[in-house]
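Inspection log for the structure reproduced underneath, given as structure tokens.
Numbering (this note's numbering), first residue to last: 527 to 936.
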């Protein structure tokens, strides 16, 4: 099994006794089997259960124990690829359609978070997307104009306004409204609990070994027995070779993050905006409910996380240095530091939908920095497919979008 993270993770320390679920005891039968108990799998389970679709979720470890534990919990409708760039790639109509779907998903995640029985440190925030260099300002302005043209809530900040509101200066920035932050570990565990109460069967310590065709659809073979099903959803972060990953043009990279000790005062941090920048790879920062600062970035095109404390520490100190450049009056101390694997598609879009060569096998793979947003998009697209309902986003993110002759978006 590939290691997904290395280091000391912050989020699991905030929730000492999450709910636990049994392992598979007897052979099962259901309409849908979801493979993976992270953000994507659990949200799929939640959406299907709320829609009355019979489903079983299996997780080889524990709920939220994989990449979710290393997720930094930013819920932003803006993507790693700007709307203006997607317009060149998809055409303006489909680019706007996709961005609106991301905005809607962010709102839906907020509604889910605020309706849970458990508190998940959810806070509505604005995002502050700043120009890393003056040369980035024209592209940033083009993005702002396009957001404004299509009704997205955004403000343009010039250098003098940034200097008044923050202890650093940048040439320009876009402030987008309607985003949020969350504790992803608490959130996924709470959503799983809600889904379970709504009818989703969850089995932990139950590993998928293979998926075999059968007269009724498929048999999911696990280390503890077989499950008969009509549909299978792969929500494991990346496509296993057994699922036919030839459709998915993506790579696995690694990223770094730190969480500081609690800070006495964050008064210099205007409205606790979530900060990120135009440079690629980019730096991003957020605060937590207990006044910590989380800083992430330094992405590398390397599949495996680092394996030594020394290598991890060197990257952590670089992140701390970047934090200090932005907030020089603070003296933050690193308390948690980690490196994690994440997937990124070649075109900046997630891979969602039914495998064109294997009817009944579906992908919910949130490649990119918007994995949580894409998880909800994927859950709704797959649910709509199972219910026979047209979803206008499905064609944009379908697994074979680069090879199918049909036009995207209709």
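No residue lacks a Cβ here, since even glycine has one placed at the ideal position from N, Cα and C. Predicted model, so just to flag it, every value in this text is computed and none were measured.
Whole-angstrom distance between residue j and residue i, CA atom to CA atom
{"i": "residue 734", "j": "residue 710", "result": "24 Å"}
{"i": "residue 727", "j": "residue 718", "result": "10 Å"}
{"i": "residue 831", "j": "residue 658", "result": "26 Å"}
{"i": "residue 835", "j": "residue 914", "result": "50 Å"}
{"i": "residue 755", "j": "residue 557", "result": "5 Å"}
{"i": "residue 699", "j": "residue 805", "result": "13 Å"}
{"i": "residue 859", "j": "residue 825", "result": "22 Å"}
{"i": "residue 664", "j": "residue 670", "result": "10 Å"}
{"i": "residue 689", "j": "residue 791", "result": "19 Å"}
{"i": "residue 562", "j": "residue 584", "result": "6 Å"}
{"i": "residue 796", "j": "residue 637", "result": "25 Å"}
{"i": "residue 884", "j": "residue 582", "result": "20 Å"}
{"i": "residue 798", "j": "residue 856", "result": "15 Å"}
{"i": "residue 641", "j": "residue 889", "result": "27 Å"}
{"i": "residue 645", "j": "residue 759", "result": "28 Å"}
{"i": "residue 683", "j": "residue 604", "result": "17 Å"}
{"i": "residue 732", "j": "residue 705", "result": "35 Å"}
{"i": "residue 781", "j": "residue 741", "result": "43 Å"}
{"i": "residue 521", "j": "residue 701", "result": "Nothing in the structure corresponds to residue 521, since the chain is present only between 527 and 936."}
{"i": "residue 560", "j": "residue 730", "result": "12 Å"}
{"i": "residue 812", "j": "residue 738", "result": "44 Å"}
{"i": "residue 627", "j": "residue 602", "result": "12 Å"}
{"i": "residue 801", "j": "residue 661", "result": "19 Å"}
{"i": "residue 752", "j": "residue 549", "result": "12 Å"}
{"i": "residue 666", "j": "residue 696", "result": "12 Å"}
{"i": "residue 897", "j": "residue 720", "result": "21 Å"}
{"i": "residue 544", "j": "residue 837", "result": "31 Å"}
{"i": "residue 624", "j": "residue 611", "result": "12 Å"}
{"i": "residue 882", "j": "residue 588", "result": "31 Å"}
{"i": "residue 537", "j": "residue 629", "result": "25 Å"}
{"i": "residue 744", "j": "residue 553", "result": "13 Å"}
{"i": "residue 845", "j": "residue 534", "result": "15 Å"}
{"i": "residue 809", "j": "residue 750", "result": "43 Å"}
For residue i: DSSP bridge partner residues
{"i": "residue 862", "result": "785"}
{"i": "residue 469", "result": "No statement about residue 469 is possible, as the shown extent of the chain runs from 527 to 936 and does not include it."}
{"i": "residue 856", "result": "None; residue 856 has no bridge partner."}
{"i": "residue 699", "result": "656 and 683"}
{"i": "residue 951", "result": "Not covered by the structure: residue 951. The range shown for the chain is 527 to 936."}
{"i": "residue 751", "result": "748"}
{"i": "residue 800", "result": "653"}
{"i": "residue 777", "result": "870"}
{"i": "residue 828", "result": "DSSP, once it has assigned bridges, lists no residue as partnering residue 828."}
{"i": "residue 759", "result": "560 and 888"}
Proximal residues to residue i (C-beta, below 6 Å), its chain only, five neighbours per side dropped
{"i": "residue 924", "result": "879"}
{"i": "residue 928", "result": "none"}
{"i": "residue 892", "result": "566, 876, 900 and 901"}
{"i": "residue 815", "result": "647"}
{"i": "residue 676", "result": "622"}
{"i": "residue 895", "result": "606"}
{"i": "residue 598", "result": "783, 820 and 822"}
{"i": "residue 694", "result": "852"}
{"i": "residue 725", "result": "575"}
{"i": "residue 613", "result": "621"}
{"i": "residue 672", "result": "609 and 610"}
Beta-carbon contacts of residue i that lie in its chain and below 8 Å, excluding the five residues immediately before and after
{"i": "residue 540", "result": "647, 709, 711 and 712"}
{"i": "residue 779", "result": "825, 826, 827, 828, 829, 867, 868, 869 and 870"}
{"i": "residue 905", "result": "566, 569, 570, 572, 573, 574 and 890"}
{"i": "residue 555", "result": "753, 754 and 755"}
Residues near residue i by beta carbon distance below 7 Å, same chain, minus five either side
{"i": "residue 542", "result": "none"}
{"i": "residue 873", "result": "615"}
{"i": "residue 902", "result": "569, 631, 634 and 635"}
{"i": "residue 639", "result": "646, 648, 708 and 713"}
{"i": "residue 674", "result": "680"}
{"i": "residue 762", "result": "561 and 562"}
{"i": "residue 650", "result": "636 and 706"}
Interface flag, residue i vs chain D, CB-CB below 9 Å
{"i": "residue 725", "result": "Among the chains in the structure shown there is no chain D, since it carries only a single protein chain."}
What beta strand (DSSP E) runs, 3 residues minimum, are completely inside the segment 716 to 747?
Listed in chain order, the complete beta strand (DSSP E) runs (minimum 3 residues) inside the segment 716 to 747 are 727 to 729 and 734 to 740.
Spell out a yes or no on whether the segment 858 to 877 and the segment 777 to 787 are touching, meaning 3 or more CB-CB pairs, one atom from each, closer than 8 Å.
Result yes; three or more Cβ-Cβ pairs closer than 8 Å.
Every unbroken beta strand (DSSP E) inside the segment 641 to 683 [3 residues or more]:
Correct list: 649 to 656.
What runs of the alpha helix (DSSP H), each 4 residues or longer, lie entirely inside the segment 531 to 609?
Counting whole runs of 4 or more residues, the segment 531 to 609 contains the alpha helix (DSSP H) stretches 565 to 576.
Does the contact criterion of 3 or more C-beta pairs under 8 Å hold for the segment 892 to 911 versus the segment 567 to 583?
Below 8 Å, enough C-beta pairs join the segment 892 to 911 and the segment 567 to 583 to call them touching: three or more.
Do the segment 612 to 624 and the segment 591 to 601 touch if we need at least three Cβ pairs shorter than 8 Å?
The answer is no - the segment 591 to 601 does not touch the segment 612 to 624, with fewer than three Cβ pairs under 8 Å.
Please give the ranges of any beta strand (DSSP E) in the segment 864 to 913, keeping only runs that are unbroken, at least 3 residues long and fully inside the region.
If we require 3 residues or more, the beta strand (DSSP E) runs fully inside the segment 864 to 913 come out as 877 to 880 and 887 to 891.
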